[in-house]
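All remarks here apply to the structure that follows.
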Amino acid sequence: MNISAVQVSKSLIELLRSDSKTVVLTGAGISAESGVPTFRGKDGLWNKFDPRELATFSAFMANPKLVWEWYQFRRDLIDKVMPNQGHIALAEMEKSLKQLRIVTQNVDNLHQRAGSRGVIELHGNIARNKCVNCSAPIAEREIDPDNIPLCECGGKIRPDIVWFGEPLPVEAIETAQQESASAELFFSIGTSAEVYPAADLPRIAKRAGAYLVEINPDPTAITPYADEVFALPAGEALPQIWQCAVGHSN
Ligand code: BV8
Ligand code: ZN
411 MNISAVQVSK
421 SLIELLRSDS
431 KTVVLTGAGI
441 SAESGVPTFR
451 GKDGLWNKFD
461 PRELATFSAF
471 MANPKLVWEW
481 YQFRRDLIDK
491 VMPNQGHIAL
501 AEMEKSLKQL
511 RIVTQNVDNL
521 HQRAGSRGVI
531 ELHGNIARNK
541 CVNCSAPIAE
551 REIDPDNIPL
561 CECGGKIRPD
571 IVWFGEPLPV
581 EAIETAQQES
591 ASAELFFSIG
601 TSAEVYPAAD
611 LPRIAKRAGA
621 YLVEINPDPT
631 AITPYADEVF
641 ALPAGEALPQ
651 IWQCAVGHSN
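Terminal number for the sequence shown in this note's numbering: 660, no gaps in between.
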């Protein structure tokens with residue numbers, strides 16, 4: 411799609427060019443163009459697996475082998491993919507805008523691999539392991555689901571991921587909430603905005619007066635609140651939005 415295809419409002423261009431305090435919330439959709447399946451989309455991970463079976467502490471304790479098979483499958487998939495134009499555009503924006511903060515629900519490390527710094531990870535990171543008992547970080551990378559290693563304290567090794575029913579890392583969610591409450595511009599990108607407390611962040615920002623932008627080919631629960639909606643893939647919309655802001659003549 412050529413540059414003029416994406417209509418960017420003067421308000422959004424002005425907010426980007428005046429280096430406004432900007433928060434970007436991303437979900438699985440921003441990694442879709444890298445080939446990482448989303449959760450709830452037609453190719454979604456949940457279609458093939460039952461989340462109750464896999465992304466919960468009780469599921470892990472009941473069947474650690476099955477849960478590790480799922481995470482090892484996702485790790486192998488993520489190792490083979492690359493950040494896409496959406497991740498790359500955000501990394502460029504982060505370099506130019508002094509007050510841009512990325513908050514991600516994703517566990518795939520693709521923002522960091524695209525060069526983003528200071529990414530707030532709400533749901534952990536699939537590249538990391540920890541002890542199920544004492545939460546000590548465990549360096550072991552490859553886990554054999556048939557022979558799950560134990561921590562020195564005797565606890566089993568688990569992915570360092572926030573499962574359903576588990577609290578988010580306190581510092582991560584509190585920082586994300588504070589940043590959202592003082593944002594002037596908030597992007598919600600590639601998320602169905604169904605998982606809490608992350609899904610509250612766009613609402614917190616909007617209530618605090620932020621200009622709310624959504625980038626998602628499909629409507630979501632927050633589309634009605636958005637000030638500007640790009641019903642496009644993030645890998646197409648983001649580079650063009652940024653191009654309009656930086657390339658825009660006075
Ligand atoms: C907790 C890790 C409490 C696992 C995940 C109210 C308040 C607080 C909690 C709750 C609440 N109501 C319900 C709850 C419980 C629950 C919850 O929210 N359930 C939902 C289903 C209703 N929340 C929790 O359990 C959280 N914990 O609250 O604990 C607590 C407090 C103290 C003490 C004890 C307990 C934990 C939530 C985290 C769960 N872990 N993942 C793993 O990854 O294996 S959630 C999982 O969903 C992923 O992390 C994912 O990031 C997240 C959200 O999904 P999305 O990223 O939005 O992905 P999805 O597929 O849904 O959507 C993709 C979108 O992209 C689509 O809209 C699609 O159209 C779009 N798209 C597609 N292609 C593109 C695109 N967009 C742009 N470009 C494209 N190319
Ligand atoms: Zn331990």
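From the three backbone atoms N, C-alpha and C, an ideal C-beta is built for every residue, glycine too.
The structure presented is a predicted model; accordingly, all values stated were derived computationally and were not measured.
request  = Give the DSSP-derived three-state secondary structure of S430 in the structure shown.
outcome  = coil
query = Are the segment 593-602 and the segment 623-633 touching, with three or more C-beta to C-beta distances below 8 Å?
reply = yes
ask   = Can the beta-carbon of F574 be found less than 8 Å from the beta-carbon of A438?
value = no
key: Buried/exposed call for N412, threshold 16 Cβ in 10 Å   = Caution is warranted here: a pLDDT of 46 is assigned to N412, below 50, making its placement in the model unreliable, and no coordinate value can be reported.
key: Simplified DSSP state of C654, which is helix, strand or coil   = helix
ask   = What does R617 pair with, by DSSP beta-bridge criteria?
value = The partner list for R617 (beta bridge, DSSP) is empty, contrary to what the question assumes.
request  = Could you have a look at P493 and say whether DSSP puts it in helix, strand or coil?
outcome  = If DSSP states are grouped into helix, strand and coil, P493 belongs with coil.
ask   = Using the C-alpha atoms, what's the distance from F470 back to D570?
value = Near 12 Å, if we compare the C-alpha coordinates of F470 and D570.
key: Backbone CA spacing between L500 and S526 [nearest angstrom]   = Straight-line spacing of the CA atoms in L500 and S526 works out to 7 Å.
request  = Using 7 Å as the cut-off, classify the Cβ of P547 as near or not near the heavy atoms of the ligand BV8, replying yes or no.
outcome  = no
key: Among E552, W480, F483 and Y635, the one whose alpha carbon lies nearest that of F597   = Measuring from the Cα of F597, the nearest candidate turns out to be Y635.
key: Contact set for C561: own chain, Cβ-Cβ below 7 Å, skip 5 residues either direction   = C541, N543, C544, A546, I548 and I567
task = Starting from E638, trace the alpha helix (DSSP H) both ways and give me its first and last residue.
result = Counting along the chain, E638 falls outside any alpha helix (DSSP H), though it belongs to the beta strand (DSSP E) covering E638 to F640.
request  = Tell me whether C561 counts as near the ligand ZN, meaning its Cβ is closer than 7 Å to at least one heavy atom of that ligand.
outcome  = yes
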